[in-house]
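Visitor: Line by line, the protein sequences are chains A and B.
Using my numbering, you'd call the opening residue of the first sequence number 1051 and step up by one each time.
Using my numbering, you'd call the opening residue of the second sequence number 7 and step up by one each time.
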Amino acid sequence: MNAPVSTAATTGASGLAMLSMTEAADAFAAGEATATALTEACLARIDAHDGAVNSVIRLDREAALEAAAAADAARAAGKPLGPLAGVPMMHKDMYYRAGKVSTCGSKIRRDFVAPKTATVLQRLDAAGAIDMGTLNMAEFAQNPTGHNAHFGDCHNPWDLAYCTGGSSSGSGAGVAARFFYAALGSDTGGSIRLPATLCGVTGLKATQTRVPRTGVMPLSFSADNVGPLVRTARDAARFLGVTAGRCPGDPTSAPEAVPDYEAALTGDIRGLRIAVCETSFLDGADAPVVAAFEAALDVLQAQGAVVTRRSAASMRAINAYTAVISRVEGAAIHANWMREHPGDYAIHLSSRLFGGYALPAHLYVEALSRRGPLLRQFVAEMLDGFDVVATPTLKTRVPTLAETDIDADPANWARFMAVSANTRPFNYLGLPTISLPCGFDDRGLPIGLQLAARPFAEATVLRAADAFQQVTDWHRKAPAL
Amino acid sequence: MEPELVVPTMEAIRRWSGVAVPNAAARAGLADHAALIAELAALRGSMVFEDEPSSFEAALRDLKEAGR
C-alpha cells in the first residue's frame, strides 16, 4: 500500500498538482497560478508516475502547453474567462474529437478516427478547459475492474496490485494520482462511481438524459451516462454545470434548465432526510466497508441529517431487469464484430457479450417497459419523505487485478460480476448518484459512499456530498506514489 | 458441472445471431444465466404490462423534486 499524503500544502509545482479542479480554476482566474504552470505540474506527475499506473493512452503534450500559453495570454489581455479556464484535463478514450483517434480501449478501434467532436468536449473547450489527451479504459467500456488486454491493465495508485475499478479506469487512477484535475468517465453500470470509489476520488452520474451523449461511444443506449471524476463535490458541481443541458444532436437529452449547482453547496444539511436502503445493498458486505459506511452516516447525522433504515421490495425486479438491458444492448451494438472478429476482443469482453445473444426479445421489452413503473415504486419506497438514499458504492474491499481476472481463470467470474452490484441498479432507475471517499479498508484501499436522489436532484446529492467533505478529509488524501 | 442449458443456448445463439462461442469463459458465463432465469421466473405474474401509456422518461419528469 502507498501511504496517503496530505494535500494541504500546495506550494510549488507538485503542490499545484494537488489542488482540486475548482481550486486550480479559481487560482488561474485570480492570477495566482498560470495555466502553463498548472499544465507543467500535471505533465511532471504523469512523466514521473504513469509508467507504473498506466492511465494514459495518448498524451498531447505540445498541444496542451500551447493551449495553456494561449489561456495565459487571454487572461493577460483581459479577455473573458470560462469557469474551467486554464485547467488541464484528460478524458476516457471514447469521447470523439474530430480528426483524432478514439480507440475505445480496443484493438478493433485502435485506428478509428472520430468524424466529429463530442458535445461535452465542445462544452469543456468553451469553458476554457485544457485537453491533454486520452485515457485508458476497459475495452469498449465493458468491465468494472480496469483490466485491458490491448493497452495494459490500469493500476490502482494506492497499490498497484489492486483494481482501479472500471470502466473509466484511467480517469479514476489519473485523478487520484494527481495527473490532471478532472476527467470524463462514462457510467452504464457504475463505470464512473466504481473507479471513483476504488481510487478514492469523487464521481458523479447525473440523471439519465441530463448530459448529452452526442459523439460518445455507445455501450447501452438506455443506460449510458456521461460524467466527471474529480476530487470534490464542488468540482463535480462546476463540471456538471458546464456539461449538462439539452443538445439538439442528442434528442434523448433532457430540456430541463440547468441550475447553478455550486450555489446549492451551502454546507447546511440540517434536516436532510437520508434513507439507508437495507435491501440488497448491504447483503454480504465486507466488515470494513460496513464500518466506514456507518461512520459516514454518523458524520452526516452529526451535521443535522436524519438517518432512517428502509427496505425496498422493488429491488429484486430492479436487479433482474438491470442485467437484461445492458447485456442485450451491448450484444446488439457488437454483433457484426462478434461475428467477424471475435478473436480481437479480450476474453472477458467477448464472454460477457456472448450471453446477451441468448436473452429473449420479450424479456428485453419487458425490462424496458417496467423501468418507469419500477422507478415510481422505488421512489415511493425510498424517497417519499426522504431526500437522499445512501449505500456503500462497493460492497467488498477493493479486489486485486489477479482475483478478478477472467482471462486468466474463468472461475473469477462471480467476483468480477459482483463488483458492480451496488451501482447497476441506479442506471436502470436513472437516478442522479454520486460516489465519494469515506475511509480506507484494513489493506489501505479506499472505500466509497454512494448517495442518490430523485430525478434531476443533482443539487441535493452534491449538497450532501459537499457538506460531508467540508468536515472530512478522505477526499484530500493522495497516494504516495 | 456445466448446467444443462449451456449447450442448447450456444446452439440457439449460433442459429439466431451467427455468433459462435468465443471461449471457455463465455460458456462459464452462460452457466450464470441459470440464476438470471430463476430470478425472472420468480417475477412472473408480478410484472404485467400496464393499460395506460407510460414511459421511463415521463416517470423521470413526474418524480422530480417539488419546485424544480
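In this text, a Cβ means the ideal position worked out from N, Cα and C, and glycines have one as well.
1) Between A:Thr1282, A:Arg1243 and A:Val1251, which has its C-alpha nearest Val1276 (chain A)'s C-alpha?
2) Is any beta-carbon of chain B found at less than 8 Å from that of Leu1413 (chain A)?
3) Using a 10 Å radius around the Cβ and a threshold of 16 neighbouring Cβ atoms, would you call Ser1105 (chain A) buried or exposed?
4) What's the call for Pro1305 (chain A), buried or exposed, on a 16-neighbour Cβ count within 10 Å?
5) Check whether the Cβ of Arg1281 (chain A) lies closer than 8 Å to any Cβ atom in chain B.
6) From Leu1399 (chain A) to Val1266 (chain A), what does the alpha carbon distance come to, in whole angstroms?
7) Report the residues of the stretch 21-35 of chain B with a CB closer than 9 Å to any CB of chain A, ordered along the chain.
8) Where do the N-terminal and C-terminal ends of the beta strand (DSSP E) with Asp1100 (chain A) fall, by residue?
9) What is the residue span of the alpha helix (DSSP H) that Asp1046 (chain A) lies within?
10) Please list, in chain order, the chain A residues whose beta carbon lies closer than 9 Å to that of Glu45 (chain B).
11) Bridge partners for Leu1501 (chain A) per DSSP, in chain order?
12) Residues in its own chain within less than 7 Å of Ser1401 (chain A) by CB, not counting five upstream and five downstream?
13) The beta strand (DSSP E) spanning Asp1181 (chain A) covers which residue range?
14) Give the single residue among A:Gly1132, A:Leu1109, A:Ala1094 and A:Asp1492 whose Cα lies nearest to the Cα of Ser1152 (chain A).
15) With burial defined as no fewer than 16 other Cβ atoms inside 10 Å of the residue's Cβ, what is the status of Ala1058 (chain A): buried or exposed?
16) Say whether the stretch 1128-1136 of chain A touches the stretch 1075-1084 of chain A, bearing in mind that this needs 3 or more beta-carbon pairs closer than 8 Å, one atom from each stretch.
17) For my contact list, Phe1201 (chain A) and Gly1155 (chain A) are in at a C-beta cut-off of 8 Å; report their separation, rounded to the angstrom.
18) Using a Cβ-Cβ cut-off of 8 Å, state whether Phe1506 (chain A) counts as contacting chain B.
19) In chain order, what residues of the stretch 1415-1446 of chain A put their CB closer than 7 Å to some CB of chain B?
20) Express the C-alpha separation of Ala32 (chain B) and Trp22 (chain B) in angstroms, rounding to a whole number.
21) Would you list, in chain order, the members of the stretch 1206-1231 of chain A that have their beta-carbon closer than 9 Å to a beta-carbon of chain B?
22) At a Cβ cut of 9 Å, what residues of the stretch 1252-1264 of chain A count as close to chain B, listed as they run along the chain?
23) Quick one: grab the DSSP three-state call for Ala1408 (chain A).
24) Can you name the start and end residues of the beta strand (DSSP E) that Pro1138 (chain A) belongs to?
25) Would you mind sorting His1412 (chain A) into buried or exposed? The rule is 16 or more other CB atoms within 10 Å of its CB.
26) For a test of the three-state rule: what should DSSP assign to Ile1324 (chain A), helix, strand or coil?
27) Helix, strand or coil for Val1374 (chain A) per DSSP?
28) Is Glu8 (chain B) close to chain A? Criterion is C-beta to C-beta, closer than 8 Å.
29) Output needed for Thr1282 (chain A): all residues of its chain with C-beta closer than 8 Å, excluding positions within five of it in sequence on either side, in chain order.
30) Under 8 Å between beta-carbons, which chain B residues line up against Thr1510 (chain A)? List them in chain order, please.
31) Rounded to whole angstroms, how far is the Cβ of Ala1179 (chain A) from the Cβ of Thr1167 (chain A), which I believe are closer than 8 Å?
Guide: A quick look at the data gives this:
1) A:Arg1243
2) yes
3) buried
4) exposed
5) no
6) 19 Å
7) Per Cβ criterion, the list reads Trp22, Ser23, Gly24, Val25, Ala26, Val27, Pro28, Asn29, Ala30, Ala31, Ala32, Arg33, Ala34 and Gly35.
8) Here Asp1100 (chain A) belongs to no beta strand (DSSP E); instead the alpha helix (DSSP H) covers Ala1085 to Val1103.
9) Nothing can be reported for residue 1046 (chain A): it is not among the residues displayed for chain A, which extend from 1051 to 1531.
10) Simply Arg1366, Ala1367, Asn1369, Ala1370 and Ala1373.
11) A:Ala1440 and A:Ile1484
12) Ile1456
13) Ile1180 to Leu1185 is the span of the beta strand (DSSP E), which, as asked, contains Asp1181 (chain A).
14) If we check each option's Cα against that of Ser1152 (chain A), A:Leu1109 comes out closest.
15) Caution is warranted here: a pLDDT of 42 is assigned to Ala1058 (chain A), below 50, making its placement in the model unreliable, and no coordinate value can be reported.
16) yes
17) 6 Å
18) yes
19) Glu1416, Ser1419, Arg1420, Arg1421, Gly1422, Pro1423, Leu1425, Arg1426 and Val1429
20) 17 Å
21) none
22) Thr1257, Gln1258 and Thr1259
23) coil
24) Pro1138 to Lys1142
25) exposed
26) strand
27) Helix.
28) no
29) Ser1070, Met1071, Thr1072, Thr1252, Asp1516, Gln1519 and His1525
30) Glu71
31) Not quite, the Cβ-Cβ distance comes to about 13 Å (not below 8 Å), so this is no contact.
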